[in-house]
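Notes follow the structure.
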Amino acid sequence: MATVRQFQVTFDCAEPERVARFWCEVLGYVVPPAPEGFASWADYDGSLPPEEQGAAFACVDPTGVGPRLYFQRVPEGKIVKNRVHLDVRVGTGLVGEERFATLEAESARLIALGATHVLTQRADEHNESCITLQDIEGNEFCVD
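Take 12 as the starting number for the sequence shown in my numbering and just add one per residue.
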């Protein structure tokens with residue numbers, strides 16, 4: 012049997028801290044403590060060479076169950092659809108109109124945080140409802 016490995020999910024972005032704080036709000040994640048010897052992440056960031064300041068940020072599941080999310084600054088903007096995306100699972104165990112209402116309510120909360128609506132897919136005979144959004148830098152994710 013294969014060994015289960017820990018992993019982190021890495022986002023390429025223009026503004027790592029801004030995108031990380033968005034995902035903290037989406038998932039209930041938190042910013043980990045600043046490195047030892049620094050009172051805050053801003054203090055740590057200020058100690059870096061100018062070209063490295065603001066280049067990365069991370070957030071973690073406060074329960075330790077979910078993967079760490081890492082955000083790294085890249086020079087190019089997003090051009091095409093993601094090949095991998097996150098599914099924010101708020102409707103697990105729900106069906107029909109109850110599920111759809113839950114997805115709509117969560118989507119409205121995320122849109123208020125800066126997400127953008129892309130597509131709403133209503134349940135059919137094969138699939139349950141799903142709502143596709145984009146985060147504040149255009150990365151697609153699903154509320155399902």
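Every residue gets a Cβ at the ideal spot worked out from N, C-alpha and C, and that includes glycine.
Would you call residue i buried or exposed, if buried means 16 or more other Cβ atoms sit within 10 Å of its Cβ?
i, result
"S118", "buried"
"S140", "buried"
"D135", "exposed"
"D54", "exposed"
"G48", "exposed"
"R110", "buried"
"A116", "exposed"
Give the single residue among the options whose Cα lies nearest to the Cα of residue i.
i, options, result
"V37", "A134, G88, A123", "A123"
"R133", "L97, G107, L59", "G107"
"N150", "E62, V95, V41", "V95"
"V71", "E87, A50, P44, P60", "P44"
Return the chain-ordered list of same chain residues with a C-beta closer than 8 Å to the C-beta of residue i, the five sequence neighbours on each side being excluded.
i, result
"P73", "G39, Y40, V41"
Should residue i be counted as a contact of the ligand NAP given a C-beta to heavy atom distance under 8 Å?
i, result
"Y81", "What this structure holds is no ligand at all, so the ligand NAP is not there to describe."
What is the DSSP secondary structure of residue i, counted as helix, strand or coil?
i, result
"D146", "coil"
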